[in-house]
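This report concerns only the one structure given below.
Residue numbers (the working numbering), protein chains in the order written: chain X, 3 to 347; chain V, 3 to 347; chain B, 3 to 347; chain D, 3 to 347.
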C-alpha cells in the first residue's frame, strides 16, 4: 500500500501514519517529493485495509499495490492449465467449442441440437436445465428431467455436457449427470455457491459477472480453488455498459489480460455477449482471433420457437459454417510446431 | 410488442409477420408509415419473446411494450406499502434509520455501536454475521455466533435487527435471530435465494445489484413476492460506473422512478454508495431530500480498526450529528398534516 | 509514480528501472516487499508517463500518484472561490438558481419564462441561442437573434444571463450579449474551445462531460484557468451509465469530492441529469442537500410545445414551488451564523 | 412513435392524446390491449419529440420508433461505400492499415516510423500535429511545423497522411497538408467542427466518442454528410466502462451493427482501444476477424521515449509482425472470388 500525504501535511502527521504502520507490524518507507510526501508500506502478506489510514490527519489518498490472489496466479504456476472435461480438454492449445440450446426444452429439441453440434465436429454440449430468468413468470427450466436428457446426449453422441447450476442442490445434480458445472454471470459473486462448487470434483465453467472487474473474476475463481477444486475455466460473456446496439458489450481485451496474470483457460460466449443472431459469427471469430481457448455458442434447431433467448441462437446450418470458419482461423493463427494445428477438424 | 419493418419490406413479408402473430394467438395491427410499416401486437397477457420475429425477412427491429411485473406494481395496489419490522415500520411516511457496523466482530464492538445507534434515536440496527467478501482470504463473518450477539442487541436496546443472509441456511438462521433479512447486491439475481426468501415470513431488505436496471430490481422483488412474502423493502446502494472518485455511483433518481411504478418502500445506503467517510453525510441528506423512506448507514465505534469497510464507516459522534440533520431535513420536507412531522426525535 | 515489479523480477531488472529513473533526473526508492519489490519515484514536478516503465523487463504495473492539476486545487487556494456573474454571485454560501428554457424560441416564450423565473426570486436566466443537437435535422437555435432577446431579458427583468457557446464566434457573441458563457457537456474536452474561453473576461459555466471523470472535469477547468480566466463554475449534469429509467445518472457524490480537492463552486442540473419532468424537483432537492452552490433548471411556459427537451422542462407553477422548497431546504441546512441563512427569498 | 397508456387510463385521456396527434398533423392508431392501450403514430417524416405526450394525463410511456438518420443509411444506398484517401482506398474489401506515432515529435522520429510503416507494406500514415491532451500542461503537438513533416513523409514514402484537426484553423491546415482529416473521440459531438469538416473536400476519419451510442456516432457522420462531404470513415476506438484492465473497452460488435444500418466503412483502433502494448496485436487480430475495413495503430521507433501514449505504441519490429498476421488472417476470412484476397501484401 502507498499512502499519499496532503501537500500541507506536517511532519507530526507523517509520524502519526508511521506509528500506525509500525503498530500493525509492517514497515513504512517515507518518500519526500517535490510537493508532497508518500509513504510506502512493506512487510504485509495480504492487502491492507485502507481504512486504517484514509481518515488520518494529513492523509490525501491511499493506493493499493498488492493483488490479493494466489492460486489463480501465474506467479505460482507459470505454465498454462489445461482442464479435462469428460473425455476432452480445454486449454491445451486446441480450440474447444461448446454448443447447444439455451434451455433444455424436450428430448426432440435437444437431440436435434446435439446432432448438429456433434455433426459439425464439436466435443462439448451445453443446455440449461435450471434457467436464471429475470422474471419469475418466465420458463425456469426442466430441472432434473432436463439433466437426464443431457446425460442421454452424452451416451448417444459422445458429447461432454456443460450445464448450469444455481444452488447447492443443482450442483449435486449436475455433478451426477454432467461433466462440467457452469456458474452463471448472475452468481459470479454468490460466494456460498462458489465455495460449494469448490468442494465438488467436477470442473467449473465460471462466467464473468455483468459488472465484474478482472480482479473480481479472478477472485471468484480463487474462491473455488481455495476449497480444493483447481479445475476452473473462465468465460467472458459481455459486460453491461451504456451501449445499446447489442445486449451486452463483449470485452475481448480481458483475454490477453487474463493470460498476463493467470494460468487459467478462458473462453468466449458470443451469444450472450451480443444477444443477436447476426452478431454471433463475427464475434466468435473475434474471440478466436484474440486468443481465447474456446467458444460457448447457443444453437437451436428452431430459434424462432426457443423458450428462451431465441434471438441470439443460431441454426444448425449457421453453426456448421461458424465451426468451419473458426477452426480455419485458429489454424491460421497457430504456429506450425504446435499439435493444435493438426487438429482433425 | 411493436415490430418495425425495413423500408424496403414487401407486403408478402408483412403478411408473413402477421401470420406468425395469428398463429401465436395474438392480434396484429398494421400501421403503414411514411417510410416504413410498423405492426403492433395486442392480445398477449405477458411479454412476447422478440425471437419469434427478430430474424424474419423484412423485420428491422422489435420493441417491447408490456412490462413483465405484476405484484410490485401500483397498478395493482395504488397505496404505498408500509412494512413492519419488529416493533417498528418502514414506509409509513416517517424516516427510518438503520445503522450499525459492517460486520459483527465482537460483543464489545457491537454493543458500543448499538449504544450509539439507540442513543441517537434510531430504531433499526444493522451488522453482518455473514459477509460477502471479494477475496476468499478476507474476514467472512462470525456466523451464528454473530447472530446471537445481534439478538442480544434487540434485548438490551430494543433495536430491530436487519442482517444479511447469503444462502438458505443463513436465511433460516436470520429468520430465527433477526427481524429483517437482507439480500445483498451480489445476490440480487440469485434467483434460488430470492425464492427461498419468498417463503419466509420475515420482511426482506433487497439491495439493488451493482449493474441492475430498475426493471431487474423490481423483478427481483417480484420473485420474492410471487412466493407469498409481500414485505419487501428496496435499497439503492450505488451502481458501478466509470466514475472513480467514489466506490460506487449513487443513483438517486431511482427513488422517484420506483414511486411512479411501485408501492414498495425504498431506502438509501450512502455508506456502500460512496465508500468514503466524508461523503456519507452529504449523500445521506441527499437521499432524504430525494424522498427515500429511510437510510442504512455503517457506524463503527472505531472505524480505523474495523474488520471490513472501515473507510466508509462513520463514528458514533458523526452518526449523532447525521441523525439530527436528516431528521430536521425530513421535517422541513414533510407537509404539516402528516403525522411523520411530529416524530419525537 | 510507483512501479511494482513482478515477484520473479531479478535485481538486474530492478537496477534497470532505477537507471532509467536516474536518467530522467528523478530519484528512485526501492521498497522490497514480502512477495514483490516496489519502487517509488520522487523529484518529479508533474506526472510521469508510465510508458517509460510499463514495458521494461520485470515490471508488473505502474501506479500514478501525483495529480496533474494546480490552479483548481485548494492546495493552492484553500478558501472557496465565489464567482461574480453580472450583478450577483455564485459560491458565496447562498443558493444560486439559474432557470429558463432549453432554447430561445421567440421573444414571447422567453419573456414568459423570464417573468416566471424572476417572479419566483431567482437571479440568473438561462436559454440557448446555439443548441448542440444529436441530429443535424433538429432545431439548431436562433443564433445572434436569440442572444439579443436574452440581452433584452436582462434589461427588463434584471436577470443575469447564462448561455451556451459552441465555437469561437459563439464565445465572442455571448461575451457581448451575456453574463456567463456556458461550455456544454459535449464540449468539455474541446480543448481549443476551452483555451479560447480562457482568454475571455466573462465567467465560464463548465458542464461535466457525459463520461468525464472527476480528474478530467478539473483538468478541463484547469485549461480555462491556465489561460488567465479564473472564474469557472463547475456543473454536474448527469453521466452516461447503463441505467435506463432516467436520461442520465446524476452523480451527486462529485459535490463533496470537488470540495475536498478544489476551491471552485459547483452547481447541479437536475433537468438534463434526469430528462423527466417528474424527477426534476426531487433531484433538485437532493442537489441542494448534498451541498451544491446552486441549480440550473429548465423552465418553459408551455413544455409540451418546446422545440427541444420539453419532456424535462418544468412549468412556471412547478418552478415556483421548486424554488420555495429548495430555499427552505437550504436554510435548514445552513448553520445560523452564516449570512446565507438570512437570504431575503 | 408509440404511446403506451396507463392501465387505468380513461377513454377521455386516450381521446386527449389522439387530439394532440391530430393537431400535429399525424395519424393515431389505437391498439387496445389486455391490460393497457397503446397508440401508434404514423404520418410523421422525422422523429417526434416525446415531450408532446410524456406528461399528458393517462400516458405511461413513449417509445421512439423512427430512426433520425438518412444519408448514412443503407436504406438510401445499399452498396457499401469505398472512400478514396490520397492514392489508396478504404472500404473496397481490402484491409487498410493506418500506422504511425501518436504525436509528430521530430523529423527523425517521424521518418523512422514511416520507414517501418511503409516497409511493412502499409499505405496510410498517422501522426498528430495537434494533440488533445487531458492536461493543459502536457505536450500539445508541433502544429503546422508537424504537418510539414507529414507532407514530407508523403513525398518520401508514398504514404497517405491521416492526421487530426481540433478546430477550424486546424481543418484548413490539414486540408492543405494531409490526405484525410481525423476528428477525435472528444470532438465527436463538437457539432460546429463537424459542420466545418462537412464543407471540406478531404475525407474524414470520425472516431467514436468515449460514451457515444451507435445512433450518436451515425448522426455525427450525418452532420458531416449533410454539409456535402460524403467521404466519412467511422472508427471504433474503445468506450469508457467500469472495466479497469485496459484504458478503454473495445466494442467490436459495433462493426456488424454498423454494417446492418450503414454503407460507411469502419475501422478499429486497438492502440487507444486498449492502452497497452501487449494488447495491441490480439485486439488488432480481433478487429480484422470481426470484419473491420482496416486498423489504425500507433507505432513509435522508441515507445519508451514517446511524448504521448508511449505505453500503447508498438515498435517497428512488433508492427511488422502484426502486419503479416493481420494480412494472413484477412486472407483466410475473405472468400476466394473477391479481389481483396489476392492482395499483393
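From the three backbone atoms N, C-alpha and C, an ideal C-beta is built for every residue, glycine too.
All figures in this text were calculated on a predicted structure; none of them were measured in a lab.
heavy atom of the ligand FMN below 6 Å from residue i C-beta
{"i": "residue 122/D", "result": "For the ligand FMN, the structure offers nothing, since it holds no ligand at all."}
CA nearest to the CA of residue i, picked from the options
{"i": "residue 318/V", "options": "235/V, 116/V, 223/V", "result": "116/V"}
{"i": "residue 123/X", "options": "98/X, 269/X, 253/X, 239/X", "result": "98/X"}
{"i": "residue 93/B", "options": "120/B, 72/B, 233/B", "result": "233/B"}
{"i": "residue 211/V", "options": "193/V, 158/V, 202/V, 114/V", "result": "193/V"}
{"i": "residue 182/X", "options": "159/X, 218/X, 153/X, 158/X", "result": "153/X"}
{"i": "residue 119/X", "options": "155/X, 89/X, 95/X", "result": "155/X"}
{"i": "residue 304/D", "options": "108/D, 64/D, 28/D, 66/D", "result": "108/D"}
{"i": "residue 12/V", "options": "24/V, 26/V, 51/V, 62/V", "result": "62/V"}
{"i": "residue 269/D", "options": "186/D, 247/D, 293/D", "result": "293/D"}
{"i": "residue 323/D", "options": "121/D, 204/D, 66/D", "result": "121/D"}
Any chain D beta carbon closer than 7 Å to residue i
{"i": "residue 191/B", "result": "yes"}
{"i": "residue 312/B", "result": "yes"}
{"i": "residue 14/V", "result": "no"}
{"i": "residue 334/X", "result": "yes"}
{"i": "residue 306/B", "result": "yes"}
{"i": "residue 285/X", "result": "yes"}
Short CB-CB distance (under 7 Å) between residue i and chain X
{"i": "residue 83/D", "result": "no"}
{"i": "residue 56/V", "result": "yes"}
{"i": "residue 244/B", "result": "yes"}
{"i": "residue 249/V", "result": "no"}
{"i": "residue 281/V", "result": "no"}
{"i": "residue 259/D", "result": "yes"}
Close-in-space but distant-in-sequence residues of the same chain around residue i (CB under 8 Å, 5 per side omitted)
{"i": "residue 291/X", "result": "331, 335"}
Residue-chain proximity (residue i, chain V), Cβ-Cβ < 7 Å
{"i": "residue 227/D", "result": "no"}
{"i": "residue 297/B", "result": "no"}
Any C-beta of chain B under 7 Å from that of residue i
{"i": "residue 254/V", "result": "yes"}
{"i": "residue 172/V", "result": "no"}
Beta-carbon proximity of residue i to residue j, cut-off 7 Å
{"i": "residue 149/V", "j": "residue 175/V", "result": "yes"}
{"i": "residue 250/V", "j": "residue 200/V", "result": "no"}
{"i": "residue 15/X", "j": "residue 60/X", "result": "yes"}
{"i": "residue 314/D", "j": "residue 277/D", "result": "yes"}
{"i": "residue 300/X", "j": "residue 104/X", "result": "yes"}
{"i": "residue 33/V", "j": "residue 44/D", "result": "yes"}
{"i": "residue 285/X", "j": "residue 272/X", "result": "yes"}
{"i": "residue 40/B", "j": "residue 6/B", "result": "yes"}
{"i": "residue 218/B", "j": "residue 136/D", "result": "yes"}
{"i": "residue 368/D", "j": "residue 204/D", "result": "This structure cannot speak to residue 368/D, because chain D is shown only from 3 to 347."}
Own chain partners of residue i with C-beta closer than 6 Å, once the 5 adjacent residues on each side are dropped
{"i": "residue 381/D", "result": "Nothing in the structure corresponds to residue 381/D, since chain D is present only between 3 and 347."}
{"i": "residue 302/X", "result": "103, 308, 315"}
{"i": "residue 100/V", "result": "126, 128, 164, 298"}
{"i": "residue 23/D", "result": "30, 43"}
{"i": "residue 311/X", "result": "104"}
Proximal residues to residue i (C-beta, below 7 Å), its chain only, five neighbours per side dropped
{"i": "residue 264/V", "result": "74, 75, 76, 220"}
- prompt: Which runs of the beta strand (DSSP E) spanning at least 3 residues fall entirely within the stretch 45–120 of chain V, listed in chain order?
  reply: 61–65, 85–87, 90–92, 98–102
- request: Counting only runs of 3+ residues fully inside the stretch 159–205 of chain V, write out the beta strand (DSSP E) ranges in chain order.
  value: Qualifying beta strand (DSSP E) stretches, in chain order: 162–166, 182–185.
message: To test your reading of the DSSP string, which unbroken beta strand (DSSP E) runs of 3 or more residues are found completely within the stretch 284–332 of chain B?
response: 296–300
- prompt: What are the uninterrupted segments assigned as alpha helix (DSSP H) that are 4 or more residues long and contained completely in the stretch 201–256 of chain D, given in chain order?
  reply: 216–228
message: Report the start-end ranges of each beta strand (DSSP E) in the stretch 115–158 of chain X that is 3 residues or longer and not cut off at the edges.
response: 126–128
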